[in-house]
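Undergrad: One line per chain: the protein sequences are U and W, in this order. If you're matching positions, the first sequence starts at 1 in full-length UniProt numbering and goes up one per residue. If you're matching positions, the second sequence starts at 1 in full-length UniProt numbering and goes up one per residue.
Protein chains: 2
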Amino acid sequence: MKSEAGSGPFGGLSILEIADRIRKRKITALEVTEQALTAAHENGTKLNCFVTIDDEGALRAARLADRELDSGLDRGPLHGIPVGVKDVIATSGLATTMGSRHFANHVPMVDADVVISLRRSGAVILGKTQSHEFAYGPTGDRTATGPVRNPHDNSRMSGGSSAGSGAAVAAGIVPIALGTDTGGSVRIPAALCGAVGLRPTQGALSARGVFPLSPSMDTVGPMGGSVLDTAIAWWALSSRPGTNGVGGLEWNERFIPRPERAKNLRFARVTSDLLRRTASELINSAETVLEELSRSGAHVATLPVPEIDACWDPYVAIQSAEAFAIHSKRVDDSPELFDSEVLERLRIAAEVKGWTYVQALEKRRLLRVATLERTFSSDILVMPTVPIEAPAIGQRRLPPDSGWANPREALLSMTAPWSVLGFPAISIPVFSPCTDMPHSIQLVGKPGHETQLLDAAALLEVRLREKALTGA
Amino acid sequence: MKSEAGSGPFGGLSILEIADRIRKRKITALEVTEQALTAAHENGTKLNCFVTIDDEGALRAARLADRELDSGLDRGPLHGIPVGVKDVIATSGLATTMGSRHFANHVPMVDADVVISLRRSGAVILGKTQSHEFAYGPTGDRTATGPVRNPHDNSRMSGGSSAGSGAAVAAGIVPIALGTDTGGSVRIPAALCGAVGLRPTQGALSARGVFPLSPSMDTVGPMGGSVLDTAIAWWALSSRPGTNGVGGLEWNERFIPRPERAKNLRFARVTSDLLRRTASELINSAETVLEELSRSGAHVATLPVPEIDACWDPYVAIQSAEAFAIHSKRVDDSPELFDSEVLERLRIAAEVKGWTYVQALEKRRLLRVATLERTFSSDILVMPTVPIEAPAIGQRRLPPDSGWANPREALLSMTAPWSVLGFPAISIPVFSPCTDMPHSIQLVGKPGHETQLLDAAALLEVRLREKALTGA
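1. Given that W/Q359 touches chain U, what residues does it touch there, using C-beta distances under 8 Å?
2. When you check each C-beta in the stretch 361-372 of chain U against every C-beta of chain W, which residues fall closer than 7 Å?
3. Rounded to whole angstroms, what is the Cα-Cα separation between W/A236 and W/G84?
4. If distances are taken between C-alpha atoms only, which option among W/R463, W/L464, W/L443 and W/E466 comes closest to W/G197?
5. Measuring straight from C-alpha to C-alpha, what distance separates W/T145 and W/T97?
6. Can you tell me where the beta strand (DSSP E) holding W/R156 begins and where it ends?
7. Are U/H102 and U/L337 closer than 8 Å when you measure CB to CB?
8. Quick one, which residues of the stretch 334-355 of chain U are near chain W if we go by CB-CB under 8 Å, in chain order?
9. Are U/G76 and U/L249 touching if we call contact CB-CB under 8 Å?
10. Once DSSP output is grouped into helix, strand and coil, what is the label at U/H439?
11. On the DSSP bridge list, what partners appear for W/P429?
12. Within its chain, find whatever has a CB closer than 7 Å to the CB of U/G226; leave out the 5 residues flanking it on each side and keep chain order.
13. Identify the contact partners of W/L320 in chain U, using a Cβ-Cβ distance below 7 Å as the criterion.
14. For the stretch 241-248 of chain W and the stretch 385-398 of chain W, state whether three or more C-beta atom pairs, one from each stretch, are separated by less than 8 Å.
15. Would you kindly work out how many angstroms separate the C-alpha atoms of W/A167 and W/V148, rounded to a whole number?
16. By Cβ distance, which residues of its chain are closer than 8 Å to W/L59, with the 5 residues on each side in sequence left out?
17. Could you have a look at U/I393 and say whether DSSP puts it in helix, strand or coil?
18. Would you mind telling me which residues of chain U sit closer than 8 Å to W/A416, beta carbon to beta carbon, in chain order?
19. Chain U partners of W/A317, CB-CB under 8 Å?
20. Which of helix, strand or coil does DSSP assign to U/N105?
21. Kindly indicate which three-state DSSP category W/I116 falls into: helix, strand or coil?
22. For the stretch 210-218 of chain U and the stretch 331-351 of chain U, state whether three or more C-beta atom pairs, one from each stretch, are separated by less than 8 Å.
23. Using the rule of at least 16 other Cβ atoms within 10 Å of the residue's Cβ for burial, across every protein chain shown, is U/P433 buried or exposed?
24. Is W/D455 helix, strand or coil by DSSP?
25. Determine, using beta-carbon pairs with one atom in the stretch 444-453 of chain W and one in the stretch 414-426 of chain W, whether at least three such pairs fall under 8 Å.
26. Under DSSP, the beta strand (DSSP E) around W/K329 begins and ends at which residues?
27. Considering only residues of the same chain and omitting the five flanking positions on each side of W/A268, which have a CB-CB separation below 6 Å?
28. Count Cβ pairs between the stretch 53-67 of chain U and the stretch 118-130 of chain U that sit closer than 8 Å; are there 3 or more?
29. On a CA-only basis, which of U/T451, U/P241, U/E56 and U/L69 is nearest U/V23? Give me that one, please.
30. Are there 16 or more other CB atoms within 10 angstroms of the CB of W/E373, so buried, or fewer, so exposed?
31. Mind checking which residues open and close the beta strand (DSSP E) that includes W/I380?
32. With DSSP as the reference, please indicate the residues paired to U/L178 in a beta bridge.
33. Can you look up U/H449 in the DSSP assignment and give me helix, strand or coil?
34. What are the uninterrupted segments assigned as beta strand (DSSP E) that are 3 or more residues long and contained completely in the stretch 4-69 of chain U, given in chain order?
35. With DSSP collapsed to three states, give me the class of U/T271.
Structure (structure tokens):
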């Protein structure tokens, strides 16, 4: 089947290039948004990556962006750029469904804090992207309005729960989109669809206005077609309004990732039992990346991190207790409105005991201390994002010899540990010569060090692009 | 039967009086400690209020106290004063059993922080007082070494879990003792035995070295024969070492409670459903107190606080989950070492669900906000400490018309809400003309305002003493 990957107007085009064209009057913000809307209606509908496409609101915002630029107000590179917002993130006046029939008619009165940040940057909210129902699943194929399809192969799952954001970005419909990541919900769809996805440090961004899954692990994270675009989104999300008096952000070039700065970082190849259960072709892709890093002059060590193998049980206990605390009343009052699989998972989550949760919180605290200690001499940890390629939509079993209970557990296995540990992590696509599906690599940074992480990701991206071009 | 109340060397004698006699060489610290040891062995044994009497350590500390005073080092009013320490609080080199056979042979290497504070004040640790097993019960009649007896009537329970501290102080064996209070474990034995007991603001004192019951509600609190003595203990516990260079505390007279300062405080008679289930004679005692406050010129309002009726469910959920998290391994490995009732309660606690715990934490947060708001115009809330007089040792039922499921639930009913809410509270004895058993009143202050609470308690104590003397 024909791949939709990169087929939209932003495939292969960076935000800085579009921003430059807008400022040189080669194109207006309105025209950019019109192209994105067309792609959203056409390619987006094939992929089912949008719940709501906000033609009217997007065109209005784009016209305003043009007027502001005409009047001399420049909010930075996102000014006039269309973006997608996951449908668990509140948008004022625009339906926000949580991927669920419970909220089929829900229209928030106010924006989530992260949406306010995007609007301050001048970004145009094109629409709301599909979420696995209530963000409770990494497969992206259980939403109130059907499964999201992988742009590289429409029969495969997009991954989730930020399914629509991953697919829309990978298809080039929008250059960036917001996701949320509790156990891996930004990184997994990024990995499966072939986009870049950043889970920031726990607590770095406000979660106000974001429908919770497991509040002690929930994060909002940007997804982009490139490391640069993702870094620009990170600038918008993590910056405070400047001194222009109208609440606009002020662009700061230091947010452009610098591959050369990353050459002095100490990289480490993570080893653990989890890695032994990873498909060999994905291990090979990771090794390719590590070789490229070495060739670039970076220092690459090998570091066993057994702590990540111990994160699964606390992850399940914490997420289960917190998630059911949020949904208990809905499960009592209107269970029929839930997707059957999500409902079944919630009923299992309800059984986790209070003391198990309390012990899991303490275990998490100890694992964080141990992992900080363990990784003290490394700046960036490297491992695959997921241990399998994208399964088929609806697939719920893996071969018995895969080592995984099911696709859900496999997809979350390598991302959830960093959620438990609260470290920032980024997934970057690695296109393998042996398959049509994207592979991916996960870089993990130290808490609070997203800038270093993005520098490292940029270094990697450059090396992989050069390798692809030269075939080296 | 003969009452042991106040029969020890410190019955009716304040710490300041003893301190004065020591400084005037009318008595040495060694002699004071010898008297206390004699009382601990005689009266204390009848009441079963000590697990360990540390003759050797106490005599050594007392001799040191005398030598320090001789050499000019004066640590303040507690210098050379014998004190009791609840047996869940670690004492270096001195057995600390938690009231349990699991720790029958446990000798800590280091002191709890609160014990260090006492030692810095020059206090002499006379011994370790009985705790209901693992501090998990308000009756004080389930410990590895038998029930603690009420000094006013040896056939009745002392209350708990700081059972031995309450009995030892009420018997005048020591002027002050340390307890711990999770749901009421300082205030309840103080109320039943006729002592003063202060639960400080949640988090005001370090819990390091204190065996946990429910860490998010555990506090350490002083018990004393009078408000003044309790305030002196509070000085020692809440002060930092002074500038004398040897880690000693520096006495500050502002810690002496000032009844006259309390006359400007706004008092409120708390009403709620709980109060309607309180025995009429205890309500009468509370009304007597409120009348005395009014006569003293204090402003007394009536304030419904329905929030305290809503605290029970979160109290049970939070304590259960946190307590079983601490004991799960012991319940698995050696259930036979637990007291049967404590084990049964732990098994029930194990069943609380994780989501219930998470919701209880949120409920607690909301109740705190609501109660702060509700009580904004009052400084001191007034209500009984417990709704019943001390039941018989081992009693597990109450009359069907009492309104309470059992003595445990009754004893905790009025103290646990303030634990959930994190407000400081003090229990003060009120001797009723109609009964030989002490009644009690609970004063509740605003978080962080122990000084006001102690001033108010002192005002009350003075008025009640004057009333008793004049028979007014």
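Using N, Cα and C, we set each Cβ at its ideal position, and we do this for glycine too. Source: prediction; values computed, not measured.
TA: Working from what's here:
1. Within chain U, the residues near W/Q359 are A325 and S328.
2. Across the stretch 361-372 of chain U, no CB contact with chain W closer than 7 Å is found for any residue.
3. Within the model, the alpha-carbon separation for W/A236 versus W/G84 is close to 14 Å.
4. The option with the nearest alpha carbon to W/G197 is W/L443.
5. Straight through space, the alpha carbons of W/T97 and W/T145 are spaced by roughly 10 Å.
6. Under the DSSP assignment, W/R156 falls in the beta strand (DSSP E) whose first and last residues are D153 to M157.
7. Contact: yes.
8. For the stretch 334-355 of chain U, which is checked against every Cβ of chain W, the residues closer than 8 Å are A349, A350, E351, V352, K353, G354 and W355.
9. Yes, the pair counts as a contact, with Cβ atoms nearer than the cut-off.
10. Three-state result, U/H439: strand.
11. DSSP lists W/S440 as the beta-bridge partner residues of W/P429.
12. Residue identity check: residue 226 of chain U is Ser in the sequence provided, not Gly. Same-chain partners within the cutoff: S14, V196 and E461.
13. For the record, residue 320 of chain W in the displayed sequence is Ser; it is not Leu. Result: G354.
14. Counting Cβ pairs under 8 Å, fewer than three are found: no touch.
15. W/A167 and W/V148: Cα-Cα distance of roughly 8 Å.
16. Cβ-Cβ distances below 8 Å link W/L59 to L30, T33, E34 and L37 in the same chain, with the five nearest sequence neighbours on each side left out; the list follows chain order.
17. If DSSP states are grouped into helix, strand and coil, U/I393 belongs with coil.
18. Listed by position along chain U, the residues whose Cβ is nearer than 8 Å to that of W/A416 form an empty set, because the closest Cβ is around 17 Å away.
19. The contacting residues are G354.
20. In the three-state reduction of the DSSP assignment, U/N105 falls in the coil class.
21. Reduced to three states, the DSSP call for W/I116 is helix.
22. Result no; under three Cβ-Cβ pairs closer than 8 Å.
23. By the neighbour-count rule (16 or more Cβ atoms within 10 Å), U/P433 is not buried but exposed.
24. The three-state secondary structure of W/D455, taken from DSSP, is helix.
25. Yes: the two stretches touch, three or more of their Cβ pairs being nearer than 8 Å.
26. Careful: W/K329 lies outside any beta strand (DSSP E), inside the alpha helix (DSSP H) at W312 to D333.
27. A301, L303, S378 and L381.
28. Flag = yes, the stretch 53-67 of chain U and the stretch 118-130 of chain U touch.
29. Note that residue 23 of chain U is Arg in the sequence shown here, rather than Val. When the alpha-carbon of U/R23 is set against those of U/T451, U/P241, U/E56 and U/L69, the nearest one is in U/L69.
30. Under this definition W/E373 is an exposed residue.
31. Looking at the DSSP string, the run of the beta strand (DSSP E) that includes W/I380 is I380 to P384.
32. For U/L178, which the question treats as bridged, DSSP gives the partners U/V85 and U/P222.
33. Of the three classes helix, strand and coil, the one that applies to U/H449 here is coil, per DSSP.
34. You should have 50-53.
35. Assigned with DSSP and collapsed to three states, U/T271 falls in strand.
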